[in-house]
């Protein structure tokens with residue numbers, strides 16, 4: 010079994026997606042975009058997984074200060090033993106999905122949650 014991470018990282022491609030979304034001015038900071046993207050991935054029913062080749066962006070304790078995200082993921086993905094790896098995976102997948110929709114459709118963040 011993989012050991013859980015202590016930080017959330019992005020792949021180089023996810024960093025490109027993050028920058029594209031930042032340039033739209035929807036959120037004040039990248040961490041908010043990452044949380045939104047995680048929620049988007051969860052809502053889209055992205056399967057449990059992990060993402061390799063990431064570079065650290067945020068400490069898990071700062072990204073999920075209250076533990077609410079980990080608690081939610083524990084309920085939705087009960088077999089997951091590595092919640093921070095799962096958060097990282099969902100952030101990276103969510104960024105890819107949000108960027109793809111933003112590129113092809115003229116939508117704002119509220120429209121993406123339809």
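In our numbering, the protein residues as written are 10 to 123. All residues carry an ideal CB built from backbone N, CA and C; glycine is no exception.
The DSSP-derived three-state label of residue 64 is strand.
The C-alpha of residue 82 lies about 15 Å from the C-alpha of residue 17.
By the criterion of a C-beta distance shorter than 7 Å, residue 106 is surrounded in its chain by 49, 50, 53, once the five residues flanking it on both sides are discounted. Taken atom to atom, the span from the alpha-carbon of residue 71 to that of residue 104 is near 19 Å. With 16 or more neighbouring CB atoms inside 10 Å of its own CB, residue 63 falls in the buried class.
In this structure residue 33 is not in contact with residue 119, their Cβ atoms being roughly 13 Å apart against a cut-off of 8 Å. The shortest C-alpha to C-alpha distance from residue 85 to any of 36, 47, 114 is the one to 47. Taken through DSSP and simplified to helix, strand or coil, residue 58 comes out as coil.
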